[in-house]
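Novice:
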Amino acid sequence: MLAAKPRIREILEADLETVGDLLTRGFVYRPREYWMRGLHRQATRPVPPDVPRYGYLLENEGVPVGCLLLIYSSRILDGQTVTRCNVSSWYVDPAFRNYAALFASMAQKRKDVTYLNVTPATRTWPILEAQGYQAYCRGRYFSVPVLSGGGRGMRIEAVGADTKAIEGLADADLEMLRRHAEYGCLSLVCHTNEAALPFIFFPLRKRRGIIPVPAMLLGYCNSVANYVRCAAVIGRYLLWHGKPVVIVDANGPVAGLTGVYREPQGRKYFKGPHRAALGDLADTELAIFGM
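So in the numbering used here, the last spot in the sequence shown is 318, and the numbers never skip.
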C-alpha cells in the first residue's frame with residue numbers, strides 16, 4: 028500500500044534527464060536520443076506566458092514515476108492571439124497506473140486553451156471522445172503534387188535557420204519557418220503574384236502505410252486550398268529533391284490534387300474553443316520530436 032499519494036508538479040530543466048529515462052522505459056521502440064533531442068528543443072523554443080514549458084512530473088516520495096509532455100504554442104486567429112496545447116507523450120510506472128487518469132487530466136484544465144492530440148493510438152479514440160475531444164481529421168490524402176496543373180508565374184524560395192528576411196512574408200511566419208528548418212523540416216515560401224505563402228514539410232524517416240519513402244508530410248500551410256493552389260510548383264521543387272509524394276491531413280479526397288485517400292490513418296483530435304485546422308501541425312511533437 029502506498030504511504031502517501033503521489034504529487035504532481037511541473038517538469039523543470041533539471042528534470043530532463045529523468046524524463047528521458049521515463050519515456051525511454053515507457054516507449055521501448057524509441058531510443059533515448061529521440062526524447063532528449065526533442066526535450067532540448069523544447070528548452071529554447073518560445074512558449075506563451077503562464078504555461079509549463081515541458082509538462083508535468085508525477086513523483087512518489089521524491090522519486091519520479093511518471094511524466095506528461097505538453098507542447099504549448101500561440102496562433103493568430105481573426106486578429107486574436109490564441110493558445111493551443113499539443114498533449115504529447117505520457118508515461119506512468121505500472122505500480123502507479125491508478126493515478127494515470129488524474130495525471131492526464133492536468134492537460135485539460137484551462138477552458139481558454141485548445142488541446143490537440145495528433146498521434147492518438149486507435150485504442151484511445153473512445154477515451155478521447157468520452158473526454159470531450161472531437162476528431163477534426165479522419166484520414167490522409169497521399170498526393171503527387173507535381174501532377175497538378177497551374178503554378179504559372181509562381182516561384183519557390185527555401186527558408187533556412189539563418190534566413191534574415193523574405194519579401195512579403197510576415198515576421199511571425201518567417202520565425203516559424205526558421206524554427207522548423209532548425210528542427211530538420213523543409214520550410215518553403217511560394218511566391219505568387221499576390222502573396223508570399225508559407226509551407227512546412229516534415230520528412231518521413233521510415234515507410235508509412237501504402238507509400239514508401241521518400242515522402243513528406245504537409246506540416247503547415249495557412250490553408251489546404253493554398254497548398255492545392257501552389258501544388259504544381261511545390262511538386263516540381265520536391266521532385267527535384269527526390270520527394271515526389273506529400274501526405275496531407277484530410278477528411279476525404281482533396282479536389283485539385285492527384286492522389287489516394289485513406290482512413291483511418293492519421294486521425295487527430297481537438298478539444299477547446301478553436302477548431303484545429305487541417306494542415307497546421309507546426310510546433311507539435313511531429314515537428315519538435317520528429318516522426
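All C-beta atoms, glycine included, are put in the ideal place defined by N, C-alpha and C.
Keep in mind it's a predicted model, so treat the numbers as computed, not measured.
Considering only residues of the segment 179-218, which uninterrupted alpha helix (DSSP H) runs meet the minimum length of 4 residues and lie entirely inside it, listed in chain order?
Specialist: 198-209
Novice: Assess, as a yes-or-no matter, whether the segment 254-271 is touched by the segment 138-152 under the definition of 3 or more beta carbon pairs within less than 8 Å.
Specialist: no
Novice: Report the start-end ranges of each alpha helix (DSSP H) in the segment 107-177 that is 4 residues or longer and not cut off at the edges.
Specialist: 127-131 and 152-157
Novice: Would you kindly report the start and end of the unbroken alpha helix (DSSP H) that includes residue 251?
Specialist: 251-267
Novice: The alpha helix (DSSP H) that contains residue 48, what's its start and end?
Specialist: 43-53
Novice: Ignore the nearest five residues each way along the sequence and tell me which others in residue 307's own chain have a CB closer than 7 Å to its CB.
Specialist: Excluding positions up to five away in sequence, the list reads 247.
Novice: Check the DSSP bridge columns for residue 228 and list the partner residues they point to.
Specialist: 213 and 245
Novice: What is the DSSP secondary structure of residue 290, counted as helix, strand or coil?
Specialist: coil
Novice: Is it the case that the Cβ atoms of residue 166 and residue 291 are separated by a distance below 9 Å?
Specialist: yes
Novice: Can the beta-carbon of residue 84 be found closer than 9 Å to that of residue 35?
Specialist: A distance below 9 Å separates the beta carbons of residue 84 and residue 35.
Novice: Do residue 264 and residue 169 have their C-beta atoms closer together than 9 Å?
Specialist: no
Novice: Please go through the same chain and pick out, in chain order, the residues whose beta-carbon is closer than 6 Å to the beta-carbon of residue 310, but skip the five residues on each side of it.
Specialist: If we look at residue 310 and ignore the five residues flanking it on each side, its Cβ neighbours are 100.
Novice: Tell me, which residues are paired with residue 87 by DSSP?
Specialist: 90
Novice: Identify the residues that DSSP records as bridge partners of residue 37: which are they?
Specialist: 83
Novice: My understanding is that residue 312 touches residue 146, with C-beta atoms under 8 Å, so please give their C-beta distance in whole angstroms.
Specialist: 7 Å
Novice: Could you please give me the residues that DSSP links to residue 298 through a beta bridge?
Specialist: 142
Novice: In three-state terms, what does DSSP make of residue 104?
Specialist: strand
Novice: Out of 104, 242, 185 and 137, which has the shortest C-alpha to C-alpha gap to residue 318?
Specialist: Distances from the alpha-carbon of residue 318 to those of 104, 242, 185 and 137 put 242 closest.
Novice: I need the straight-line Cα distance from residue 49 to residue 282, nearest angstrom please.
Specialist: 44 Å
Novice: Can you give the Cα-Cα distance for residue 280 and residue 89, rounded to whole angstroms?
Specialist: 51 Å
Novice: Where does residue 188 land, buried or exposed, given buried means 16+ other C-beta within 10 angstroms?
Specialist: exposed
Novice: If you draw a straight line from the alpha carbon of residue 261 to that of residue 274, how long is it in whole angstroms?
Specialist: In this structure, the straight-line span from the alpha carbon of residue 261 to that of residue 274 is close to 13 Å.
Novice: Can you find a CB in chain D that lies within less than 9 Å of the CB of residue 248?
Specialist: No chain D is present in this structure, which holds just one protein chain.
Novice: How should residue 38 be labelled, buried or exposed, when 16 other C-beta atoms within 10 angstroms of its C-beta is the threshold for buried?
Specialist: buried
Novice: Kindly list the residues whose CB is nearer than 6 Å to the CB of residue 218, restricted to its own chain and excluding five residues on each side of it in sequence; keep chain order.
Specialist: 182
Novice: Is the CB-CB distance between residue 52 and residue 316 below 9 Å?
Specialist: no
Novice: Using three-state DSSP, classify residue 222 as helix, strand or coil.
Specialist: coil
Novice: What do you get for residue 32, buried or exposed, if any count of 16 or more other CB atoms within 10 angstroms of its CB means buried?
Specialist: exposed
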